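Numbering (our numbering), first residue to last: 2 to 523. Glycine included, each C-beta is placed from N, C-alpha and C at the ideal position. These numbers were taken from a predicted model, which means no experiment stands behind them. Data first, discussion second: the structure below is written as structure tokens.
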């Protein structure tokens, strides 16, 4: 059976945000692409409100149980929070009175505040007076069994529209040995989050007579007691660097950052390590005005950077080797990097762009697999030049510098890539395209000379005649809901390095991502 020559009717013709010919994803892929690439905020081509509307429209076209499994998959496998909260709220009526509804609302909860966010989204959608469904109540009640007093105190939600005590009064969870005391104190109004890192640092800062010293002591205590979770550790590396920790305490920071088991458990997106690395490298070089250190801490800074390199290499170490020749094309056009037309930050709290994710993915796999070529495309195609004696972050910086020369438009670079494949009759085993899949119509000076038409698919299909066994993966990093390919490609989406594991499965099962979601059990 052919893996590529699927029915054309599955991809409905449309145009993308650049007005070029495009094809709608099949309904389940369209929903999953939004789920795995959205923090529910404005992006280059789509506002947050439009993104939520697109999600709701995609949700209406698929089976409710598949949608529920997709939300759990997005939350647990890919760490997507806000979009899974919105999905859980939108599914409330369809999940109600089903055999799986309560299990869904149990499994979609990873942290205590997931329940608060889902209920807040539900009320925002259906009104403040709308009571949670029975499925939601039962599922949340089960989820409470997993949380102890520390976790309940940390996520009380004080000052927010939905507080934890509100949820407890609605859900009435059955107390367990590990949370009974905390639930009682919560209802009585006496539960406090005095042990969380945020509260301890805040309390230390209020000691005006010796606030800097108190904060340093608080950071040291948190490290000794192991009270900093991995994401909090990444976000506070600069604070820890500046806290003048003892050698023993600083060694604990280094060890925790580089600990392979801690990295795995944290489920951090690779770009989170890149963000932490970028913040620390700002401290390199001559001492900046206004930033004073009592001693030379350059060695400590180098140790932190080395620990982050080890952490991101956990991702590299676990990437599958797909075999054969791999061509990776990363989109560095204006919509991916952000330009005068709009932003492309991956979240409101991040400086990292969608192009950063694409380029980092390319570096990760290039580092793992020798027979890999990386091309950067925008208004032109640039050969990615990296050095195997260098680390992931240094090669990323090199690649990103080169990408700045790609130009802001999308069409010419990727057209050039496929035309070179055709001219050189280059036989690659797979092509991986990291993009928002908003390729334009093509440049005028290429449409009139017989070498290529206005439709990217013509060029793509010409290459497939030369290399019919090529596997093409289009990885949607923005979830706009269209693809430039008519047929013959694997549709993937997401910001986690798990995307490479799914590629490996796709080479055995063309619908691996959908199959994996469907296989989840309640």
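- The continuous stretches of alpha helix (DSSP H) do not include residue 244, and DSSP gives it neither H nor E.
- When C-alpha distances from residue 396 are compared across 363, 382, 418 and 407, the shortest belongs to 363.
- In the three-state scheme derived from DSSP, where H, G and I count as helix and E and B as strand, residue 384 is classed as strand.
- Judged by DSSP secondary structure, residue 97 falls outside any alpha helix (DSSP H); it is assigned neither H nor E.
- Following the DSSP letters along the chain, one finds residue 431 in no alpha helix (DSSP H) but inside the beta strand (DSSP E) bounded by residues 431-436.
- The DSSP-derived three-state label of residue 332 is strand.
- For residue 278, the uninterrupted alpha helix (DSSP H) run begins and ends at 271-282, by DSSP.
- The continuous beta strand (DSSP E) containing residue 378 extends over residues 373-378.
- Annotated as distal: residue 140 and residue 85, with beta-carbon spacing of 8 Å or more.
- Taken atom to atom, the span from the alpha-carbon of residue 72 to that of residue 109 is near 7 Å.
- The three-state reading of DSSP puts residue 134 in coil, since its state is none of H, G, I, E or B.
- A Cβ-Cβ contact shorter than 8 Å links residue 309 with residue 277.
- Assignment of residue 83 by DSSP, reduced to helix, strand and coil, places it in the helix class.
- Distances from the CA of residue 234 to each of 491, 150, 457 and 312 were compared; the closest alpha carbon is that of 312.
- DSSP places residue 285 in the coil class of the three-state scheme, outside both helix and strand.
- Assignment of residue 362 by DSSP, reduced to helix, strand and coil, places it in the helix class.
- In the DSSP secondary-structure assignment, residue 476 is bridged to 435 and 493.
- The alpha-carbon of residue 159 is positioned some 21 Å away from that of residue 131.
- The beta carbon of residue 498 sits closer than 7 Å to the beta carbons of 271, 316, 320 and 365 from its chain, once the five residues preceding and following it are set aside; these are given in chain order.
- Bridge partners of residue 191 according to DSSP: none are assigned.
- With 16 or more other Cβ atoms inside 10 Å of its own Cβ, residue 433 counts as buried.
- Under the three-state reduction of DSSP, residue 390 is assigned to coil, being neither helix nor strand.
- The beta-bridge partner set that DSSP reports for residue 327 consists of 373 and 431.
- In terms of Cβ geometry, residue 423 and residue 330 do not form a close pair [threshold 8 Å].
- Just so you know, the alpha carbons of residue 101 and residue 93 end up roughly 12 Å apart.
- Sequence-distant partners of residue 120 (beyond 5 residues in either direction) whose C-beta falls short of 7 Å from its own C-beta, in its chain, are 133, 163 and 168.
- Per DSSP, residue 37 is not a residue of any alpha helix (DSSP H), being assigned neither H nor E.
- For residue 150, the enclosing alpha helix (DSSP H) has its first and last residue at 150-155.
- Going by DSSP, residue 505 is part of the alpha helix (DSSP H) stretching over 499-507.
- Residue nearest to residue 405 within the set 475, 357 and 367 is 357 (criterion: CA-CA distance).
- Put simply, the backbone Cα of residue 166 is about 17 Å away from that of residue 123.
- The three-state secondary structure of residue 516, taken from DSSP, is helix.
- According to the DSSP assignment, residue 173 belongs to no alpha helix (DSSP H), since it is labelled neither H nor E.
- Note that the C-beta distance between residue 242 and residue 263 is not below 8 Å.
- DSSP, reduced to helix, strand and coil, places residue 217 within a helical segment of the structure shown.
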